[in-house]
Structure formats: C-alpha cells, structure tokens
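Asker: One structure, pasted below without further comment.
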Amino acid sequence: MSTTTSGEPARGPVGAGSPRSTRDRILDAATELFYTQGVRAISADKIIERAGITKVTFYRHFRTKDALVVAYLERQAAWERSALEGLRTSAGDDAEALRLFVAAIGAESCKPGFRGCAFINAAAEYAEPDGPVRRTVAEHRAWYRATFAEMLGGMGVSGTAEAADELMMLRDGAMVSGYLDEPSRVGAALERAVTAIVDAGRAARPAG
34 MSTTTSGEPA RGPVGAGSPR STRDRILDAA TELFYTQGVR AISADKIIER
84 AGITKVTFYR HFRTKDALVV AYLERQAAWE RSALEGLRTS AGDDAEALRL
134 FVAAIGAESC KPGFRGCAFI NAAAEYAEPD GPVRRTVAEH RAWYRATFAE
184 MLGGMGVSGT AEAADELMML RDGAMVSGYL DEPSRVGAAL ERAVTAIVDA
234 GRAARPAG
C-alpha cells in the first residue's frame, strides 16, 4: 500500500475511464511540478502549459498561485489521512497499523523520484508562519500528532502527547533521511526508534 509520504502525486478518486475535471488537471500538473522541482521554481505559466489550458481557465479556478499551493497541499493531506485511516481499518488494531505505517515510509523512501515530504518542502519555501501555506502545513501536522496520540493511547502507551511529538519528529527525520541518505537504511532505523518509544511508554504506564 502506498504510504502517506508524497512519493507520487496524490490523485482524486475517479472511475475507470472518467475524464478528469479541469480543476483536477490543474492540480495534477501542479502536484507533479511542485513536488519534483519545488514550489517557488514553478510559475503559473508552466502549470498552464502542462495542464493544456488557457490563462483565463487557470485563474477562473485559482485566483493566485498561493491558492493553488494551498489546494495542492489540501489534496495531499486528504490522501495521506485516508491512507493512514485505511491502515487503521485494515490492520484491526493500532499497533499493527503503526507497524504498517512505518514499513510503508521505509518502502516509499526507496522509490525512484522520492523527494521527501511535500509539506516540509513547501514550508521550507514559505517563511511567513501566518501565511495560508504555512497554516495548511500546520493544520496537517496537528492532525498527525492527534492521530498518533490516539493510536498510542490505544496501544497502552502513557504520555501520549509527548510520545506523539516524538513520533512526529521520527516521521520528519525519515522523510529527510530518505531523500538525503541511503534509503534502504531508513525503514529499519525508523522501526527501531518507534519500537523504543512505544516500549518505553508502555513500561511507564502505571499498573492497573
């Protein structure tokens, strides 16, 4: 199963043979170009050319480039959330879901074209912490922390908020390491670190 790391452009659900809407075509083009080349490096004109539309059509759907960046991140966030919730549903319990999530990050980081986390990458290009792009990134990271805390609580881990912060740091580190270091080492190192956090949290939980 593809994980939640943005190794591929997120695609909206469409039926077999269903035509893509103009908005989706713009987002598809933006996702590919933003992820592979960086957000600031890509102009609206390049997206217009890739999507095969006119400027009038582009600006009818997205009044500014920043609005498109936010939409790109929101679609990516929806895909990532759906993927993790799908793991939780299919795994049967959160311990197995977390194991699968960690394994998927390791597998994703080994894929050709992997360039790390779309949200970390976008945040690095937008310095304004109160701007719409950074707010979108912050909201998604808050969702991750809340979900991790919920999963850890179900696994019998104490101090779930602190442990969730630690998992978030590990997830971030894996995204960066998968892009900069030898990818094959990422999965095993992440699994060891996550296991240590879970074991320590379980051991610290009061008996009864």
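Going by this note's numbering, the final residue of the sequence shown carries number 241, and the count climbs one at a time with no gaps.
Quick reminder that beta carbons are idealized off the backbone N, C-alpha and C, glycines included.
Does DSSP put R218 in a helix, in a strand, or in coil?
Answerer: Correct three-state label for R218: helix.
Asker: With C-beta atoms as the reference, is A151 less than 8 Å away from L120?
Answerer: Contact flag unset, no.
Asker: Is the distance from the Cβ of S191 to the Cβ of A237 below 8 Å?
Answerer: Cβ atoms of S191 and A237: closer than 8 Å.
Asker: With a Cβ-Cβ cutoff of 8 Å, do R83 and L66 count as a contact?
Answerer: Yes; because the gap between Cβ atoms is below 8 Å, this pair is in contact.
Asker: Assuming contact is defined by CB atoms lying nearer than 8 Å, are E158 and R225 in contact in what I supplied?
Answerer: Contact flag unset, no.
Asker: State buried or exposed for G50, treating a residue as buried only when at least 16 other CB atoms are found within 10 Å of its CB.
Answerer: Note that G50 scores 48 on pLDDT, short of 50, meaning its location in the model is unreliable; the coordinates nonetheless yield the value given after this. Exposed.
Asker: Check whether the Cβ atoms of R114 and Y212 lie closer than 8 Å to each other.
Answerer: Contact flag unset, no.
Asker: Helix, strand or coil: how does DSSP classify S243 here?
Answerer: Only positions 34 to 241 of the chain appear in the structure, and residue 243 is not among them; the question remains open.
Asker: Would you kindly work out how many angstroms separate the C-alpha atoms of K98 and A77, rounded to a whole number?
Answerer: In a straight line, the C-alpha of K98 is about 7 Å away from that of A77.
Asker: When you compare only the Cα positions, how much space is there between V166 and A156?
Answerer: So the two alpha carbons sit approximately 7 Å from each other.
Asker: Taking the straight line between their C-alpha atoms, what separation do you get for A182 and V231?
Answerer: So the two alpha carbons sit approximately 11 Å from each other.
Asker: Since I believe G139 is in contact with L200 (beta carbons under 8 Å), could you give me their beta-carbon distance rounded to a whole number of angstroms?
Answerer: Not a contact, Cβ separation roughly 15 Å.
Asker: Look up E65 in the DSSP assignment and say whether it is helix, strand or coil.
Answerer: Reduced to three states, the DSSP call for E65 is helix.
Asker: Please determine, among V209, A196, R56 and A63, the residue with the shortest C-alpha to C-alpha distance to R235.
Answerer: Checked all of V209, A196, R56 and A63; the closest Cα to R235 is A196.
Asker: Taking buried to mean at least 16 other C-beta atoms within 10 Å of its own C-beta, is M208 buried or exposed?
Answerer: Its Cβ being crowded by 16 or more others within 10 Å, M208 is buried.
Asker: Nearest to C143 by CA position, among S217, A194, G71 and G125, is which residue?
Answerer: Of the listed residues, the one whose Cα sits closest to C143 is S217.
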